[in-house]
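Sequences listed follow chains Y and V, in order.
Going by numbering that gives the first Met the number 0, the first sequence opens with residue 0, and the numbers climb by one from there.
Going by numbering that gives the first Met the number 0, the second sequence opens with residue 0, and the numbers climb by one from there.
Protein chains: 2
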Amino acid sequence: MAEFALDPQIAADSYPVTELKLCTVRLQRDANYPWLVLVPKRADAVEIVDLDPANRTMLLDEIVKASAVLRDTVKCDKLNVASFGNAVRQMHIHVIARTFTDPGWPKPPWGVVPPKAYAPGAAEALAAKLAQRLK
Amino acid sequence: MAEFALDPQIAADSYPVTELKLCTVRLQRDANYPWLVLVPKRADAVEIVDLDPANRTMLLDEIVKASAVLRDTVKCDKLNVASFGNAVRQMHIHVIARTFTDPGWPKPPWGVVPPKAYAPGAAEALAAKLAQRLK
Numbered sequence: 000m001a002e003f004a005l006d007p008q009i010a011a012d013s014y015p016v017t018e019l020k021l022c023t024v025r026l027q028r029d030a031n032y033p034w035l036v037l038v039p040k041r042a043d044a045v046e047i048v049d050l051d052p053a054n055r056t057m058l059l060d061e062i063v064k065a066s067a068v069l070r071d072t073v074k075c076d077k078l079n080v081a082s083f084g085n086a087v088r089q090m091h092i093h094v095i096a097r098t099f100t101d102p103g104w105p106k107p108p109w110g111v112v113p114p115k116a117y118a119p120g121a122a123e124a125l126a127a128k129l130a131q132r133l134k
Numbered sequence: 000m001a002e003f004a005l006d007p008q009i010a011a012d013s014y015p016v017t018e019l020k021l022c023t024v025r026l027q028r029d030a031n032y033p034w035l036v037l038v039p040k041r042a043d044a045v046e047i048v049d050l051d052p053a054n055r056t057m058l059l060d061e062i063v064k065a066s067a068v069l070r071d072t073v074k075c076d077k078l079n080v081a082s083f084g085n086a087v088r089q090m091h092i093h094v095i096a097r098t099f100t101d102p103g104w105p106k107p108p109w110g111v112v113p114p115k116a117y118a119p120g121a122a123e124a125l126a127a128k129l130a131q132r133l134k
C-alpha cells in the first residue's frame, strides 16, 4: 500500500495549518479569501464516492469542523465547499470564507482575480489561530 | 416552520430528475457537462455546517449515490462536487461529470463557455435514465 505524500502543487500553493485524523489542513496562499484546503491522508484517494464509508464520514465531520472554525475565526457571509481535482488529482476539499465584498463575489473564486500575497507573517498568524481552534 | 419550495432560479436552470429522501434532484440545462444539482428539501437551508447531523449524513449519502449513478451513466474522467450558494442562497450541491475534452476542462465549469442547450428530448431522456438508476 502506497504511503500518503502531499501533492507538491498543493504544498507550494498553501501554508500548513494542522493535522486532523483524516486530513492534513492547509491555508491557501491567497489573501483575497480565507481559504482552507483539506487533504485526506489516504494515498491515491481521488473521488469522494470511492472513499470507504468510514473515511467518508470522517471527511464530512472534518469539513464541518473546518467550516465552523473558519466562520468563527473570520468574518464571512457564505461558505463555499468544493472538490474538483481536475488540475491536481490528489483529493482535496476547498472550504472558503466568502464575503459580499470579496473580489470574486458572487462567482466561484477560481480565476476571477490573481491570488494576492498575505502580508509578512499574516498567513502564519491566521494558520496558528485556526490550528488552535481545530484542536 | 416554513415549507420547502424550490428556488425559482434553480427551477428555471434545470430539468426535474427525481426525488430522494432528502434532496430533490435536477439536471442542469447545460449539455456541455452532465450535471446534477441536489437540493435538500429543508426550508431555509443554506450552509452544510448548519444542517443537523442526521440531515448531513443523508446529504452525504445522496451525494455519493448521485456521484455513482452519474459516473455509471455517462462517460467521465473526474467528478466535481461543489456547494456555493453565492448567487442562489438556497442550499444546492453540484455533482458534475467532467471529461478531459469538455469545453471547460480543467477549470471549474462556471463562466468558461456559455451553457449549451440539449438537443430536443435529450435532457428528458438522460433525466429519465438517471432517475431510474437513482431509485
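All residues carry an ideal CB built from backbone N, CA and C; glycine is no exception.
Note that this is a predicted model, so its numbers are computed, not measured.
(message) Please report whether the beta-carbon of V/Lys106 lies at a distance below 9 Å from any beta-carbon of chain Y.
(response) Here residue 106 of chain V refers to the residue found at position 107 of the second sequence. For V/Lys106, a Cβ of chain Y is located within less than 9 Å of the residue's own Cβ.
(message) On the CB-based measure, 16 or more other CB atoms within 10 Å of its CB, does V/Val112 come out buried or exposed?
(response) The count along the second sequence starts at 1 and reaches residue 112 of chain V at position 113. It is exposed - the Cβ of V/Val112 has fewer than 16 other Cβ atoms within 10 Å.
(request) For Y/Trp109, return the contacting residues in chain V, with the cut-off set at a CB-CB distance below 7 Å. (result) In the first sequence, counting from the first residue as 1, residue 109 of chain Y sits at position 110. Within chain V, the residues near Y/Trp109 are Lys106, Pro107.
(message) Using CA atoms only, rank isn't needed, just tell me which of Y/Pro108, Y/Thr23, Y/Lys115 is closest to Y/Met57.
(response) Your numbering for residue 57 of chain Y matches position 58 in the first sequence. Among Y/Pro108, Y/Thr23, Y/Lys115, the Cα nearest to that of Y/Met57 belongs to Y/Thr23.
(request) Sort Y/Cys75, Y/Gln8, Y/Lys40 by Cα distance to Y/Val94 and report the nearest one. (result) Numbered from its first residue, the first sequence carries residue 94 of chain Y at position 95. Looking at the Cα atoms, Y/Cys75 is the closest of the given residues.
(message) Which residues in chain V have a C-beta closer than 7 Å to the C-beta of Y/Val36? List them in chain order.
(response) Residue numbering aside, residue 36 of chain Y sits at position 37 when the first sequence is read from its first letter. Under the 7 Å cutoff, chain V gives no residues; its nearest Cβ is about 14 Å from Y/Val36.
(request) Report the option in V/Tyr14, V/Arg55, V/Val48, V/Phe99 whose CA atom is closest to the CA atom of V/Val36. (result) Position 37 of the second sequence, counted from the start, is the residue given in the question as residue 36 of chain V. That would be V/Tyr14, whose Cα lies nearest to the Cα of V/Val36.
(request) Determine the chain Y residues that contact V/Ala81 at a beta-carbon separation under 9 Å, and present them in chain order. (result) By one-based count along the second sequence, residue 81 of chain V stands at place 82. Those are Asn79, Val80, Ala81, Ser82, Phe83, His93, Pro107, listed as they occur along chain Y.
(message) Could you check whether the Cβ of V/Val16 sits closer than 9 Å to any Cβ belonging to chain Y?
(response) Locating residue 16 of chain V in the second sequence gives position 17, counting from the first residue. No, no contact with chain Y.
(request) Over the uninterrupted alpha helix (DSSP H) stretch that includes V/Asn79, give me the two end residues. (result) Taking the first residue of the second sequence as 1, we reach residue 79 of chain V at position 80. Looking at the DSSP string, V/Asn79 is not in any alpha helix (DSSP H); the run it does join, the beta strand (DSSP E), is 77-82.
(request) Label Y/Glu61 either buried or exposed according to how many other C-beta atoms from any shown protein chain fall within 10 Å of its C-beta, with 16 as the threshold for buried. (result) Working through the first sequence from its first residue, we reach residue 61 of chain Y at position 62. So Y/Glu61 counts as buried.
(message) One question on the structure: do V/Asp71 and V/Arg25 come within less than 9 Å of each other, judged by their Cβ atoms?
(response) For the purposes of this step, residue 71 of chain V is identified with residue 72 of the second sequence, where counting begins at 1. For the purposes of this step, residue 25 of chain V is identified with residue 26 of the second sequence, where counting begins at 1. Contact flag unset, no.
(request) Kindly indicate which residue of Y/Pro33, Y/Ile9, Y/Leu19, Y/Ile92 has the alpha-carbon position closest to the one of Y/Leu69. (result) As a working note, residue 69 of chain Y is residue 70 in the first sequence. Closest by alpha carbon: Y/Pro33.
(message) On the DSSP bridge list, what partners appear for V/Thr23?
(response) The residue labelled residue 23 of chain V in the question sits at position 24 within the second sequence. DSSP, once it has assigned bridges, lists V/Glu18, V/Val38 as partnering V/Thr23.
(request) May I ask you to report which of helix, strand or coil DSSP gives Y/Ala30? (result) Counting from 1 along the first sequence, the entry for residue 30 of chain Y is found at position 31. Reduced to three states, the DSSP call for Y/Ala30 is coil.
(request) Would you list the residues sitting across from Y/Val94 in a DSSP beta bridge? (result) Taking the first sequence and counting its residues from 1, one reaches residue 94 of chain Y at position 95. Partner(s): Y/Leu35, Y/Val80.
(request) Just the chain Y side, please: which residues come within less than 7 Å of V/Ala44 by C-beta, in chain order? (result) In the second sequence, residue 44 of chain V corresponds to position 45, counting from 1. Per Cβ cutoff of 7 Å: no residues; V/Ala44 is ~13 Å from chain Y at best.
(request) Kindly identify the DSSP beta-bridge partner or partners of Y/Ser13. (result) Against the first sequence, residue 13 of chain Y aligns to sequence position 14. In DSSP, Y/Ser13 forms a bridge with Y/Gln27.
(request) Note down, in chain order, every chain V residue with its Cβ under 8 Å from the Cβ of Y/Trp67. (result) Within the first sequence, numbered from 1, the residue matching residue 67 of chain Y stands at position 68. Note on residue identity: the sequence assigns Ala, not Trp, to residue 67 of chain Y. In chain order: Val48.
(request) For Y/Ala86, name the three-state secondary structure that DSSP assigns. (result) If you number the first sequence from 1, residue 86 of chain Y lands on position 87. Y/Ala86 falls in the coil class under three-state DSSP.
(message) I want to know whether the region 3-12 of chain Y touches the region 42-51 of chain V - three or more CB-CB distances under 8 Å.
(response) no
(request) Just the C-alpha distance for V/Arg97 and Y/Glu18, rounded to the nearest angstrom, thanks. (result) In the second sequence, counting from the first residue as 1, residue 97 of chain V sits at position 98. In the first sequence, counting from the first residue as 1, residue 18 of chain Y sits at position 19. Those two C-alpha atoms are separated by around 30 Å.
(request) Note down, in chain order, every chain V residue with its Cβ under 9 Å from the Cβ of Y/Ala86. (result) Position 87 of the first sequence, counted from the first residue, corresponds to residue 86 of chain Y. Neighbours of Y/Ala86 on chain V, chain order: Pro105, Lys106.
(message) With H, G and I counted as helix, E and B as strand and the rest as coil, what does DSSP make of V/Lys128?
(response) Taking the first residue of the second sequence as position 1, residue 128 of chain V is located at position 129. Helix.
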